[in-house]
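Residue numbers (UniProt numbering): 1 to 182.
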């Protein structure tokens, strides 16, 4: 339920949880603001495509199955993955869906870029070095490494939250000191 998006405009697409930026890979609660301020994404369609990718709301039903060796290419790829590949773990299934969604988004961004849009596009997801951290690093095969990786990601998220809390309280203390004259 937390993934439900209220509106489809670039300024108001915001999930109620942290989502990873598809450009830099860092987690944000207000991704649309981050895209505009940090990455200078001004084109509304580009912003919408990036937000949909980050929130995993990319329509991929008519895509080919991403599982190697499977030749399924018809409608309802989403249903096919869930019903016809019981050998996949939940994480593998999630990774397969994300890879299909990234391919669809990259294709749509390339088509949009080909129209020479105004304002110009700034995202470079087509470049292999701009993928998120999950794609850039090789996947660990042992369970201990996977557990450590998840713990590391959780600690990074906690650190970001602590920094935000610190900035909030620092501002409050500064405002209090200005009011009291100390």
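Just so it is clear, CB atoms sit at the ideal spot from N, CA and C, and this is done for glycine as well.
Quiz item: What distance in whole Å lies between the Cβ atoms of residue 46 and residue 112, which are believed to be in contact at a cut-off of 8 Å?
Solution: Taking a contact as a CB-CB distance under 8 Å, the pair residue 112 and residue 46 counts as one, their CB atoms being some 6 Å apart.
Quiz item: Looking at the unbroken alpha helix (DSSP H) that takes in residue 174, where does it start and where does it end?
Solution: 143–180 is the extent of the alpha helix (DSSP H) around residue 174.
Exercise. List the whole-angstrom C-beta distance separating residue 31 from residue 123, where the pair is believed to meet the contact cut-off of C-beta under 8 Å.
Key: Contact flag wrong, Cβ pair sits at about 13 Å.
Exercise. Kindly indicate the opening and closing residues of the alpha helix (DSSP H) around residue 79.
Key: First-last of the alpha helix (DSSP H) with residue 79: 77–84.
Quiz item: With DSSP run on the structure shown, which of helix, strand or coil describes residue 27?
Solution: Strand, per DSSP.
Quiz item: Identify the residues that DSSP records as bridge partners of residue 271: which are they?
Solution: Summary: the structure shown does not reach residue 271, with the chain confined to residues 1 through 182, and so no result is reported for it.
Quiz item: If you check the beta carbons only, do residue 66 and residue 99 fall under 8 Å apart?
Solution: Taking a C-beta distance under 8 Å as the contact criterion, residue 66 and residue 99 qualify as a contact pair.
Quiz prompt | Burial state of residue 162, where buried means 16 or more other Cβ atoms lie within 10 Å | solution = By the Cβ-count criterion, residue 162 is exposed, with fewer than 16 other Cβ atoms from all chains shown falling within 10 Å of its own Cβ.
Practice problem: Please go through the region 84–127 and give each complete alpha helix (DSSP H) segment of 4 or more residues, from N-terminal end onward. | Solution: 90–114, all fully within the region 84–127.
Quiz item: Is it true that the CB of residue 53 sits closer than 8 Å to the CB of residue 105?
Solution: Note that the C-beta distance between residue 105 and residue 53 is below 8 Å.
Quiz item: alpha helix (DSSP H) containing residue 54: first to last residue?
Solution: Where residue 54 is concerned, the enclosing alpha helix (DSSP H) stretches over 44–54.
Self-check item: Distance CB(residue 84)-CB(residue 60) smaller than 8 Å
Solution: No.
Exercise. Taking only the alpha-carbon atoms, compute the straight-line gap between residue 150 and residue 159 and give it to the nearest angstrom.
Key: The alpha-carbon atoms of residue 150 and residue 159 are separated by roughly 14 Å.
Quiz item: Which value, in whole angstroms, describes the spacing of the CA atoms of residue 57 and residue 178?
Solution: One C-alpha to the other measures close to 45 Å.
Quiz item: Straight-line CA distance for residue 175 to residue 144?
Solution: Answer to the nearest angstrom: the Cα atoms are 46 Å apart.
Quiz item: In its own chain, which residues sit with a C-beta less than 8 Å from the C-beta of residue 168, not counting the 5 before and 5 after it?
Solution: For residue 168, where only same-chain residues beyond five positions count, there are no Cβ hits under 8 Å.
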